[in-house]
Amino acid sequence: MSKLMKTSLGAVLLLLLIVLAPAVGASPALDTTVWSGEYFNNITLSGPPVLLRGDPNLDFFWPENTSPAPGFVNVNNYSVRWTRSLYFNATGNWVFTTLNDDGMRVWVDDAITMDAWYDQGPTTHTGTIYLAAGWHVVRVEYYNRTLGGTARVTYALEGAAATYPDWKGEYFNNQTLSGAPVLTRNDVAVNFNWGGGSPDPSVPADHFSARWTRTIYTTAGTWRFTTTTDDGVRVWVDGSLIIDRWFDQSSSTYVADIGLATGVHSVRIEYYENLVNAVAQFSYGQVLAPPPPPSTSGVWVGQYFNNISLAGAPAVTRTDPSLHFDWGTGSPNPVIPADYFSAKWDSVQTVPATGNYTILVSSDDGVRVWIDGTLVVDAWYDHPPTLFSAVRYLAAGAHAVHVEFYERTGGAMVGVDITSGTTPPPPPPVGDIIVDDRGIGWQAGGASTSWRNLSAGINGHAFWTFNNAFTAPSYNWARWYPTLPRAGNYEVSAYIPGGVATTINARYWVYHAGRYDLAPRAQVFYANQWMSLGTYYFNALGGENVSLADVTYECYLCRTLVYDAVRFSPR
2 MSKLMKTSLG AVLLLLLIVL APAVGASPAL DTTVWSGEYF NNITLSGPPV LLRGDPNLDF
62 FWPENTSPAP GFVNVNNYSV RWTRSLYFNA TGNWVFTTLN DDGMRVWVDD AITMDAWYDQ
122 GPTTHTGTIY LAAGWHVVRV EYYNRTLGGT ARVTYALEGA AATYPDWKGE YFNNQTLSGA
182 PVLTRNDVAV NFNWGGGSPD PSVPADHFSA RWTRTIYTTA GTWRFTTTTD DGVRVWVDGS
242 LIIDRWFDQS SSTYVADIGL ATGVHSVRIE YYENLVNAVA QFSYGQVLAP PPPPSTSGVW
302 VGQYFNNISL AGAPAVTRTD PSLHFDWGTG SPNPVIPADY FSAKWDSVQT VPATGNYTIL
362 VSSDDGVRVW IDGTLVVDAW YDHPPTLFSA VRYLAAGAHA VHVEFYERTG GAMVGVDITS
422 GTTPPPPPPV GDIIVDDRGI GWQAGGASTS WRNLSAGING HAFWTFNNAF TAPSYNWARW
482 YPTLPRAGNY EVSAYIPGGV ATTINARYWV YHAGRYDLAP RAQVFYANQW MSLGTYYFNA
542 LGGENVSLAD VTYECYLCRT LVYDAVRFSP R
């Protein structure tokens, strides 16, 4: 080969390397808001997945004989693959920590980082990888053979004292954030109402302070930060003080709007409590221009987004004469990608006569439909072209219809029709549905010697147990199965008798409409009162439930949990 040919070939290879090299720190290629989960009914991730869904966090505990998604996934012998684009805010060695039962392995940018692919009880593993600051693709694979399943993944820069995937909370035994914190922990959210209590037994009920820090990812635009506190609060974003209300006060709310560029931003919250009640709550969200009003002529006002979460400002707003689209592998508009987009439509639809109507919805992927503010179809997960239906009693006249849709990959289609029916509607629920311990709809398991009786609570009885640190063959669990009169939104609450519970991590799982939601709660802060677990949509087809196990990930047998009634309140 001539010298000239060698030189030319070298130049071509160098150009290919430059073109094909990944752009570290570039915009993410995958979803940044959730883990894309693929669930398989085998332990080898073989064949097509039986379920595709987005999981906000990898922090799962599935009790023995419990499926990650009943009706789709086995209770044993299943596997899952999760992928997500994550932003790493510093260059250096990053440590991934897993808690898994059974096997798990972790890749970052296709480099194996942790490999524990074998049967085991709940075991902690770590793996370290050097990463440049920026976006990286993380893939986690997991399988469960038998008994309970545990899948948890966190990560932190090497040398950090602990992993804080959400808010790093530092608590001080003074009002000035002075000295070393007496407690440092991960707080899923800054949303606390301690009343006359304290954040933790190590922190006093009065004269304490706290600092929370984390990074957030935002798109470009105006963002609103809101606090509600009793007493003082300060908030910084990227080092700029945006809320400064550092004085004694009863529960008060403050709002600050600031412009942020697309990217990662640091947030710091400081808070102090003087006397009596203690409240510390924080939230943020993008300030969007008001959507156009729904059409009154039966057409649909559509807004299309360049992401699958309807986030930020729409890239396209237009009027669609009907809601029947089959884009195949194409897109709704040249400025919208063929994959990873979402849309929402509003319309006023008129029905000619009072009666029962069927709402027919077809989609690939996720879709949900509201009529007059009531959620009637909820299929917000990945699926092939599928037909869904719901029956609702509508009065003659105009009704507001709202539709939301997202497309992940592959084909994209969505359609909505409202047709007349003949069956009279069922009566609406007339009140709360309560499932009490030992009553109809209650199930419990585990070592019988571990259950303790308590003469308190609803109907004068409750159970309590000591905690397990991790899943063990003898762990105790309970489930509450309601008989709901119709599909709809229900607020779920658990009754907590006073003077017994000491756990700050009772991990309630709410199974509703084909999905699980984790609702961790600190039972210790409640006494003889209902504790809300949130509001959820239930399809009322049977099998939906609330579950609680004694596995709290706290020190072994050092905390107690209480099991009494669970209430389902129509909302």
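So for the sequence shown, this note's numbering puts the first residue at 2; every next one is plus one.
From the three backbone atoms N, C-alpha and C, an ideal C-beta is built for every residue, glycine too.
Out of Ala-528, Asp-232, Trp-481, state which residue places its alpha-carbon closest to the alpha-carbon of Tyr-509.
-> What you label residue 509 is simply residue 508 of the sequence shown in a count that begins at 1. The alpha carbon of Tyr-509 has as its nearest neighbour, out of Ala-528, Asp-232, Trp-481, the alpha carbon of Trp-481.
Spatial neighbours of Ser-3 in its chain, beta-carbon cut-off 8 Å, leaving aside the 5 residues before and after | Here residue 3 is taken as the residue at index 2 of the sequence shown, counted from 1. Note that Ser-3 scores a pLDDT of 43, beneath 50, so its modelled location is shaky and nothing firm can be said.
Leaving out the 5 sequence neighbours to the left and right, which residues in its chain are closer than 8 Å to Asp-120 when beta-carbon positions are compared?
-> Here residue 120 is taken as the residue at index 119 of the sequence shown, counted from 1. Taken in chain order, the residues that qualify are Asp-103, Gly-104, Arg-146.
Name the two residues that bound the continuous beta strand (DSSP E) containing Arg-85.
-> By one-based count along the sequence shown, residue 85 stands at place 84. From DSSP, the beta strand (DSSP E) with Arg-85 extends over 79-89.
Proximity of Ile-259 and Ser-241 at Cβ, strictly below 9 Å = Here the question's residue 259 lines up with position 258 in the sequence shown. Here the question's residue 241 lines up with position 240 in the sequence shown. Contact flag set, yes.
Is the stretch 262-278 touching the stretch 229-240 in the sense that three or more CB pairs, one from each, lie closer than 8 Å?
-> yes
Take Gln-250 and list the residues in its own chain whose beta-carbon comes closer than 8 Å to its own, dropping the five residues that flank it on each side.
-> Numbered from 1 along the sequence shown, position 249 holds the residue referred to as residue 250. Closer than 8 Å at the Cβ level, and outside the excluded window around Gln-250, lie Thr-230, Asp-231, Asp-232, Gly-233.
Can you tell which of Thr-359, Pro-486, Pro-182 has its C-alpha closest to the C-alpha of Ile-435?
-> One-based indexing of the sequence shown puts residue 435 at position 434. Ranking the options by Cα distance to Ile-435, first place goes to Pro-486.
What are the start and end residues of each continuous beta strand (DSSP E) run of 3 or more residues lying completely inside the stretch 378-442, in chain order?
-> 387-395, 398-408, 413-421, 434-436
Please determine, among Trp-224, Phe-248, Ala-281, Leu-289, the residue with the shortest C-alpha to C-alpha distance to Ala-257.
-> Looking up residue 257 in the sequence shown gives position 256. Among Trp-224, Phe-248, Ala-281, Leu-289, the Cα nearest to that of Ala-257 is on Trp-224.
Does any residue of chain C bring its CB to less than 9 Å from the CB of Phe-406?
-> As a matter of chain content, chain C is missing from the structure shown, which is built from one protein chain.
Under the three-state DSSP convention, the category Ala-162 falls into | For the purposes of this step, residue 162 is taken as the residue at position 161 of the sequence shown. The predicted position of Ala-162 is uncertain, since its pLDDT is 48 and thus under 50; a value taken from the coordinates is nonetheless stated next. In this structure, Ala-162 counts as coil in the three-state DSSP scheme.
Between the C-alpha atoms of Thr-219 and Thr-503, what's the straight-line distance to the nearest angstrom?
-> For the purposes of this step, residue 219 is identified with residue 218 of the sequence shown, where counting begins at 1. For the purposes of this step, residue 503 is identified with residue 502 of the sequence shown, where counting begins at 1. Cα to Cα, Thr-219 sits roughly 37 Å from Thr-503.
Ordered list of beta strand (DSSP E) runs contained in the stretch 257-324, each at least 3 residues | Taken in chain order, the whole beta strand (DSSP E) runs of length 3 or more contained in the stretch 257-324 are 264-274, 279-287, 301-306, 317-321.
Run the CB neighbour count on Ile-113, radius 10 Å, all protein chains shown included, and call it buried at 16 or more, exposed below.
-> Looking up residue 113 in the sequence shown gives position 112. When all chains shown are included, Ile-113 counts as exposed.
Ser-37 and Asp-383: beta carbons closer than 9 Å?
-> Here the question's residue 37 lines up with position 36 in the sequence shown. Here the question's residue 383 lines up with position 382 in the sequence shown. Cβ atoms of Ser-37 and Asp-383: closer than 9 Å.
Helix, strand or coil at Ile-505 according to DSSP, with G and I counted as helix = Against the sequence shown, residue 505 aligns to sequence position 504. Correct three-state label for Ile-505: coil.
Buried/exposed call for Pro-427, threshold 16 Cβ in 10 Å | As a position in the sequence shown, residue 427 is number 426, starting the count at 1. At Pro-427, the pLDDT of 42 sits below 50, so the modelled position is not reliable and the matter cannot be decided from this model.
With a CB to CB cut of under 7 Å and the five nearest residues on each side skipped, what residues in its chain are close to Ala-391?
-> Residue 391 sits at position 390 when you count from the first residue of the sequence shown. Result list for Ala-391: Ile-360, Val-377, Val-378, in chain order.
Following the continuous beta strand (DSSP E) through Trp-108, name the residue where it begins and the one where it ends.
-> Your numbering for residue 108 matches position 107 in the sequence shown. 105-109 is the extent of the beta strand (DSSP E) around Trp-108.
Nearest-angstrom Cα separation, counted from Leu-324 out to Asp-418 | Indexing the sequence shown from 1 puts residue 418 at position 417. Indexing the sequence shown from 1 puts residue 324 at position 323. Distance between the alpha carbons of Asp-418 and Leu-324 is about 8 Å.
Classification of Glu-545 by the beta-carbon crowding that lies within 10 angstroms, buried from 16 upward | Looking up residue 545 in the sequence shown gives position 544. With 16 or more other Cβ atoms within 10 Å, it is buried.
Opening and closing residue of the beta strand (DSSP E) in which Arg-516 lies | By 1-based counting over the sequence shown, the position of residue 516 is 515. Counting along the chain, the beta strand (DSSP E) containing Arg-516 begins and ends at 516-522.
Are the Cβ atoms of Trp-371 and His-403 separated by less than 9 Å?
-> The count along the sequence shown starts at 1 and reaches residue 371 at position 370. The count along the sequence shown starts at 1 and reaches residue 403 at position 402. The answer is yes: Cβ separation under 9 Å.
DSSP state of Thr-99 mapped onto helix, strand, coil = For the purposes of this step, residue 99 is identified with residue 98 of the sequence shown, where counting begins at 1. Note: Thr-99 maps to strand in three-state DSSP.
Between the CA atoms of Leu-455 and Ser-343 - distance to the nearest angstrom = The residue labelled residue 343 in the question sits at position 342 within the sequence shown. The residue labelled residue 455 in the question sits at position 454 within the sequence shown. Roughly 50 Å between the two C-alpha positions.
Do the stretch 118-133 and the stretch 68-87 meet, that is, are 3 or more Cβ pairs less than 8 Å apart?
-> no
Between Tyr-255 and Thr-227, what straight-line distance do the alpha-carbon atoms span, to the nearest angstrom?
-> The count along the sequence shown starts at 1 and reaches residue 255 at position 254. The count along the sequence shown starts at 1 and reaches residue 227 at position 226. For Tyr-255 and Thr-227, the distance between alpha carbons rounds to 6 Å.
Proximity winner among Thr-67, Gly-55, Thr-155, relative to Asn-101 (alpha-carbon distances) | Your numbering for residue 101 matches position 100 in the sequence shown. Answer by Cα proximity: Thr-155.
Does the beta-carbon of Tyr-557 have 16 or more other beta-carbons within 10 angstroms, so that it is buried, or is it exposed?
-> The residue given as residue 557 occupies position 556 in the sequence shown. Flag for Tyr-557 reads exposed.
Expressed to the nearest angstrom, what Euclidean distance is found between the alpha-carbon atoms of Pro-353 and His-513?
-> Reading the sequence shown from its first residue, position 352 is the one you call residue 353. Reading the sequence shown from its first residue, position 512 is the one you call residue 513. When rounded, the distance between both Cα atoms is 34 Å.
Within 8 Å: the Cβ of Val-139 and any heavy atom of the ligand MN?
-> This structure lacks the ligand MN, and indeed carries no ligand of any kind.
Decide if the stretch 464-471 is in contact with the stretch 532-543; the criterion is three or more beta carbon pairs, one per stretch, under 8 Å apart.
-> no
In angstroms, rounded to a whole number, what distance separates the CA positions of Arg-140 and Val-511?
-> If you number the sequence shown from 1, residue 140 lands on position 139. If you number the sequence shown from 1, residue 511 lands on position 510. Taking C-alpha positions only, Arg-140 is separated from Val-511 by approximately 26 Å.
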